[in-house]
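**Student:** Under this note's numbering, residues 78 to 466 are what the sequence shown spells out, in order. All residues carry an ideal CB built from backbone N, CA and C; glycine is no exception.
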Amino acid sequence: MIKNVLECFYEKFGSEGDIRTYFAPGRVNLIGEHTDYNGGHVFPCALTIGTYMAARKREDNRLRFYSMNFERTGVVESSLDQFLMGKENNWTQYPKGVMWAFHQKGFTFDKGFDIVLYGNIPNGSGLSSSASLEVVTGVMLRDMFGFDSISMIDLALYGQFSENRYNGVNCGIMDQFSIAMGKKDHAIFLDTADLSYTYAPLKLEGAKIVIACSNKKRGLGDSKYNERRSECETALAELQKVKDIRSLGELSSVEFEEIKDAIKDPVRQKRAKHAVYENERTIKAVEALQAGNVAEFGLLMNASHVSLRDDYEVTGKELDALVDAAWKCDGVIGSRMTGAGFGGCTVSIVKTEAVDAFIEKVGAEYEAAIGYAATFYVVDIGDGAGVLK
Ligand code: GLA
Numbered sequence: 078m079i080k081n082v083l084e085c086f087y088e089k090f091g092s093e094g095d096i097r098t099y100f101a102p103g104r105v106n107l108i109g110e111h112t113d114y115n116g117g118h119v120f121p122c123a124l125t126i127g128t129y130m131a132a133r134k135r136e137d138n139r140l141r142f143y144s145m146n147f148e149r150t151g152v153v154e155s156s157l158d159q160f161l162m163g164k165e166n167n168w169t170q171y172p173k174g175v176m177w178a179f180h181q182k183g184f185t186f187d188k189g190f191d192i193v194l195y196g197n198i199p200n201g202s203g204l205s206s207s208a209s210l211e212v213v214t215g216v217m218l219r220d221m222f223g224f225d226s227i228s229m230i231d232l233a234l235y236g237q238f239s240e241n242r243y244n245g246v247n248c249g250i251m252d253q254f255s256i257a258m259g260k261k262d263h264a265i266f267l268d269t270a271d272l273s274y275t276y277a278p279l280k281l282e283g284a285k286i287v288i289a290c291s292n293k294k295r296g297l298g299d300s301k302y303n304e305r306r307s308e309c310e311t312a313l314a315e316l317q318k319v320k321d322i323r324s325l326g327e328l329s330s331v332e333f334e335e336i337k338d339a340i341k342d343p344v345r346q347k348r349a350k351h352a353v354y355e356n357e358r359t360i361k362a363v364e365a366l367q368a369g370n371v372a373e374f375g376l377l378m379n380a381s382h383v384s385l386r387d388d389y390e391v392t393g394k395e396l397d398a399l400v401d402a403a404w405k406c407d408g409v410i411g412s413r414m415t416g417a418g419f420g421g422c423t424v425s426i427v428k429t430e431a432v433d434a435f436i437e438k439v440g441a442e443y444e445a446a447i448g449y450a451a452t453f454y455v456v457d458i459g460d461g462a463g464v465l466k
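#1: Using CA atoms only, rank isn't needed, just tell me which of 78, 243, 211, 245 is closest to residue 229.
#2: How would you write the range of the beta strand (DSSP E) that residue 131 sits in, first residue to last?
#3: Nearer than 8 Å: is that true of the beta carbon of residue 314 relative to any heavy atom of ligand 1?
#4: Tell me, which residues are paired with residue 118 by DSSP?
#5: Taking the alpha carbon of residue 194 as the point to measure from, which residue in 95, 206, 343, 129 has its own alpha carbon closest?
#6: Over what stretch of residues does the beta strand (DSSP E) that includes residue 285 continue unbroken?
#7: Restricting to runs no shorter than 4 residues, where is the alpha helix (DSSP H) found entirely within the segment 353-414?
#8: Per the DSSP calculation, residue 193 is bridged to which residue(s)?
#9: Regarding residue 235 and ligand 1, is the C-beta to nearest heavy atom distance less than 8 Å?
#10: List in chain order the residues whose CB is within less than 5 Å of at least one heavy atom of ligand 1.
#11: When burial is assigned at 16 or more other CB atoms within 10 Å of the CB, is residue 449 buried or exposed?
#12: What's the C-alpha gap between residue 290 and residue 241?
#13: Using 8 Å for Cβ pairs, my map puts residue 120 next to residue 264. What's the rounded Cβ distance?
#14: Who are the near neighbours of residue 108 in its chain, counting only those whose CB is closer than 7 Å to its CB and skipping five residues on each side?
#15: Are residue 147 and residue 186 touching if we call contact CB-CB under 9 Å?
#16: Measuring straight from C-alpha to C-alpha, what distance separates residue 459 and residue 342?
#17: Since residue 234 and residue 190 are thought to touch, with beta carbons under 8 Å apart, how far apart are those beta carbons, to the nearest angstrom?
#18: Taking buried to mean at least 16 other C-beta atoms within 10 Å of its own C-beta, is residue 368 buried or exposed?
#19: I need the boundaries of the alpha helix (DSSP H) containing residue 254, first residue and last residue.
#20: Can you name, in chain order, every residue of its own chain whose Cβ lies under 7 Å from the Cβ of residue 336, other than the five neighbours on each side?
#21: In the DSSP assignment, the alpha helix (DSSP H) including residue 445 goes from what residue to what residue?
#22: By how many angstroms is the C-alpha of residue 288 removed from the C-alpha of residue 298?
#23: Would you check if there are 3 or more beta carbon pairs closer than 8 Å linking the segment 110-118 to the segment 257-271?
#24: With 16 as the cutoff for other CB atoms within 10 Å, does residue 161 come out buried or exposed?
#25: Which residues bound the alpha helix (DSSP H) around residue 215?
#26: My output table needs one value for residue 330: the three-state DSSP class, helix, strand or coil.
#27: Leaving out five residues before and five after residue 333 in sequence, what residues of the same chain have Cβ atoms less than 6 Å from its Cβ?
#28: State buried or exposed for residue 469, treating a residue as buried only when at least 16 other CB atoms are found within 10 Å of its CB.
#29: Quick check: what's the CA-CA separation for residue 192 versus residue 205?
#30: Do residue 216 and residue 402 count as a contact pair if the criterion is CB distance below 9 Å?
#31: Three or more C-beta pairs under 8 Å: does that hold for the segment 386-393 against the segment 242-249?
#32: With a threshold of 9 Å between beta carbons, is residue 136 in contact with chain D?
#33: Classify residue 298 as helix, strand or coil using the three-state DSSP reduction.
#34: Give the single residue among 457, 442, 350 whose Cα lies nearest to the Cα of residue 112.
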């Protein structure tokens, strides 16, 4: 893959000088959805698909970007003194946002770059192509300028900072964290309240992770994502009047039931309920997996989808159609939407011998219900972002 990116780089920008290469994966979240900005737990893993970058430092402060995914856009040129926060409407807003974030964090530089990118994460699929682009940019900047005091977790935080402040999406830390910190064949059990984490081996006992992309595009910015986040913040403020808590993630479901009437609006109460119960489900799911109980893990995935559908209301007919069809298939251990929702993907755990039939059946049922096809990926779990040799 990276060979093609390098060849493209030579063609666009020449082959001389110190050209370096980098990779950042996409991610899939197994359980713990819309908990990361509520101080709860998440359980994502890095994929082996992701974003490849070839870059060379320039002598001046110009920036030249080319994406092999957006050939028609061609080379996009700007410079380090042209950061237009929230105003750009092409993909270069993500790498530029991270360059801006580095400056904000005190890691300043005055040399620009020539950059070629190629990503094999479907865009807008909910597998974090934008966070992948952010983290690969951070890895590149750290390497090019020798900012060795920046840790991988810092890179994740700078990516999130750029997404929040430069691109105007109030996302949590899950995507950038899992992309920066992923580990082959492991999922990350992350407590977003304090960023403590452990790696859990993904022993799926003869089953595979299958991602189904609804092919309904979503962009976080124009989705209801920010609205959900502020509903949770309002609910938290109401609960804080009756209990001393810092986040919804601190509450057990029992505690929540005792004080939930402090939340005045029934819709907001449902949103907070999801955040609390989903956090509890995530903790239980990881325990089940560690005890070798994949069946229980699957049931908790299913319950997660129901809660995201009925209480959080972020699924939509496409994701519901995929999950409904999956639940009816033989060999399906669990199935749910993954990521922000409102389109994007589902994640299912499917017995290896049932995968082909699953893809055929769910694919046919989805197309009949929605009118266009879904795309399926049987995925492997890979390492986090880094420099390519
Ligand atoms: C998006 C955000 C994450 C997280 C998920 C929902 O992927 O970027 O921070 O909130 O949605 O779990």
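**Tutor:** With the given structure in hand:
#1: As a position in the sequence shown, residue 229 is number 152, starting the count at 1. That would be 211, whose Cα lies nearest to the Cα of residue 229.
#2: The sequence position of residue 131 within the sequence shown is 54, counting from 1. Note, residue 131: beta strand (DSSP E), 121-134.
#3: Residue mapping note: residue 314 aligns to position 237 of the sequence shown, counting from 1. Checking every heavy atom of ligand 1 against the Cβ of residue 314, none is found closer than 8 Å.
#4: Looking up residue 118 in the sequence shown gives position 41. Paired residues: 268.
#5: Indexing the sequence shown from 1 puts residue 194 at position 117. Per the Cα distances, 129.
#6: Mapped onto the sequence shown, residue 285 falls at position 208. Unbroken beta strand (DSSP E) run through residue 285: 284-290.
#7: 371-387, 393-404
#8: Locating residue 193 in the sequence shown gives position 116, where the first residue counts as 1. Answer is 131, 143, bridged to residue 193.
#9: Residue numbering aside, residue 235 sits at position 158 when the sequence shown is read from its first letter. Flag unset: Cβ of residue 235 not near ligand 1.
#10: 110, 111, 113, 248, 249, 251, 252, 416, 417
#11: Along the sequence shown, read from residue 1 onward, the residue named residue 449 stands at position 372. It is exposed - the Cβ of residue 449 has fewer than 16 other Cβ atoms within 10 Å.
#12: Position 213 of the sequence shown holds residue 290. Position 164 of the sequence shown holds residue 241. Approximately 25 Å between the Cα atoms of the pair.
#13: As a working note, residue 120 is residue 43 in the sequence shown. As a working note, residue 264 is residue 187 in the sequence shown. Correct: roughly 5 Å between the Cβ atoms.
#14: To locate residue 108, count along the sequence shown from 1; it is residue 31. Result list for residue 108: 120, 358, 359, 362, 377, 378, 381, in chain order.
#15: Residue numbering aside, residue 147 sits at position 70 when the sequence shown is read from its first letter. Residue numbering aside, residue 186 sits at position 109 when the sequence shown is read from its first letter. Not a contact, by the Cβ cut-off of 9 Å.
#16: The count along the sequence shown starts at 1 and reaches residue 459 at position 382. The count along the sequence shown starts at 1 and reaches residue 342 at position 265. Using only the alpha carbons, I get a separation of about 42 Å.
#17: Position 157 of the sequence shown, counted from the first residue, corresponds to residue 234. Position 113 of the sequence shown, counted from the first residue, corresponds to residue 190. That belief does not hold up - the Cβ atoms of residue 234 and residue 190 are roughly 22 Å apart, past 8 Å.
#18: For this step, residue 368 is matched to residue 291 along the sequence shown. With fewer than 16 other Cβ atoms within 10 Å, it is exposed.
#19: In the sequence shown, the residue the question calls residue 254 occupies position 177. It spans 251-258 - the alpha helix (DSSP H) in which residue 254 sits, taken as one unbroken run.
#20: For the purposes of this step, residue 336 is taken as the residue at position 259 of the sequence shown. Cβ neighbours of residue 336 beyond the five flanking positions: 316, 319, 320.
#21: For the purposes of this step, residue 445 is taken as the residue at position 368 of the sequence shown. Counting along the chain, the alpha helix (DSSP H) containing residue 445 begins and ends at 432-447.
#22: Here residue 298 is taken as the residue at index 221 of the sequence shown, counted from 1. Here residue 288 is taken as the residue at index 211 of the sequence shown, counted from 1. For residue 298, the predicted structure reports a pLDDT of 48, less than 50, and the residue's modelled location is therefore unreliable. A value from the coordinates is still provided. Looking at the two C-alpha atoms, the distance is approximately 23 Å.
#23: yes
#24: Numbered from 1 along the sequence shown, position 84 holds the residue referred to as residue 161. Residue 161 is exposed by the Cβ-count criterion.
#25: In the sequence shown, residue 215 corresponds to position 138, counting from 1. Segment 206-222, the alpha helix (DSSP H) holding residue 215.
#26: Taking the sequence shown and counting its residues from 1, one reaches residue 330 at position 253. The answer is helix: DSSP assigns residue 330 an H, G or I state.
#27: Position 256 of the sequence shown, counted from the first residue, corresponds to residue 333. 353.
#28: There is simply no residue 469 to check, as the chain begins at 78 and stops at 466 in what is shown.
#29: Mapped onto the sequence shown, residue 192 falls at position 115. Mapped onto the sequence shown, residue 205 falls at position 128. Computed Cα separation, rounded: 20 Å.
#30: Counting from one through the sequence shown, the residue named residue 402 turns up at place 325. Counting from one through the sequence shown, the residue named residue 216 turns up at place 139. Contact flag unset, no.
#31: no
#32: This model lacks chain D altogether, as it is built from one protein chain only.
#33: On the sequence shown, residue 298 is found 221 positions in, with the first residue counted as 1. Only weak support exists for where residue 298 lies, its pLDDT of 48 falling under 50; the value from the coordinates is given anyway. Coil at residue 298, not helix or strand.
#34: As a first step, residue 112 is located in the sequence shown; it is residue number 35 there, counting from the start. Per the Cα distances, 350.
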